[in-house]
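Novice: Provided herewith is a single structure, encoded as structure tokens, for subsequent inquiry.
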Amino acid sequence: MNPGREHKLSDCFIVATVISCIAQVSWFASKCFTQIDYDGMSYVGIARHLSQGQFHAAVNAFRSPLISWIIAAGSLLDGDLLRVGKFTNIGSFLASVALLYLLTKRLWHSRLVASIAVLWFSLARGIAATA
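Under my numbering, the first residue of the sequence shown is numbered 8, with each subsequent residue one higher.
Structure below.
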């Protein structure tokens with residue numbers, strides 16, 4: 008493929024990814040920012056135990072501790088654990104998009120493949136979040 012054409016296509020896919028991410032974050036903020044599901048309650052509950060120094064109560068064999076630790080650390084800046092949890096969710100989504108782009112570009116040595124991968128990821132994440 009022509010390098011100029013490949014560059015233009017990858018730019019189009021990146022723009023589509025940015026639009027997809029903005030739409031999803033906007034939808035998430037308008038519909039879900041004040042709601043919490045069972046998983047969110049568990050992560051926030053573990054984070055509450057961690058922020059209060061109750062490490063034994065924070066042990067959970069089912070939940071990954073990293074998200075709860077990030078929420079607990081964020082509670083130092085903002086006492087609303089639900090808000091910190093939502094921003095952690097948004098931040099992890101955006102960080103995943105950036106890391107996927109960098110790793111795919113490095114692995115395949117193609118900006119086009121990386122831009123297609125992040126577009127697919129952002130669209131699939133949106134579909135999974137709305138299900």
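Backbone N, C-alpha and C define an ideal beta-carbon position, used for all residues, glycine too.
Taking the CB atoms as reference points, tell me whether Ser75 and Tyr50 lie closer together than 7 Å.
Specialist: Taking the first residue of the sequence shown as 1, we reach residue 75 at position 68. Taking the first residue of the sequence shown as 1, we reach residue 50 at position 43. Yes; because the gap between Cβ atoms is below 7 Å, this pair is in contact.
Novice: Determine the extent of the alpha helix (DSSP H) in which Met48 is found, giving its start and end residues.
Specialist: By 1-based counting over the sequence shown, the position of residue 48 is 41. Start and end: Tyr45 to Ser58.
Novice: Nearest by alpha-carbon distance to Thr111: which of Ala54, Ser99, Val125 and Ile29 is it?
Specialist: Here residue 111 is taken as the residue at index 104 of the sequence shown, counted from 1. Checked all of Ala54, Ser99, Val125 and Ile29; the closest Cα to Thr111 is Val125.
Novice: I'd like to check one pair, Gly98 with Ile78: are the Cβ atoms closer than 7 Å?
Specialist: For the purposes of this step, residue 78 is taken as residue 71 along the sequence shown, with counting starting at 1. For the purposes of this step, residue 98 is taken as residue 91 along the sequence shown, with counting starting at 1. Not in contact: Ile78 and Gly98 (Cβ atoms no closer than 7 Å).
Novice: Use the C-beta contact count for Cys19: other C-beta atoms within 10 angstroms, 16 or more gives buried, fewer gives exposed.
Specialist: Taking the first residue of the sequence shown as position 1, residue 19 is located at position 12. Answer is exposed; the Cβ neighbour count stays below 16.
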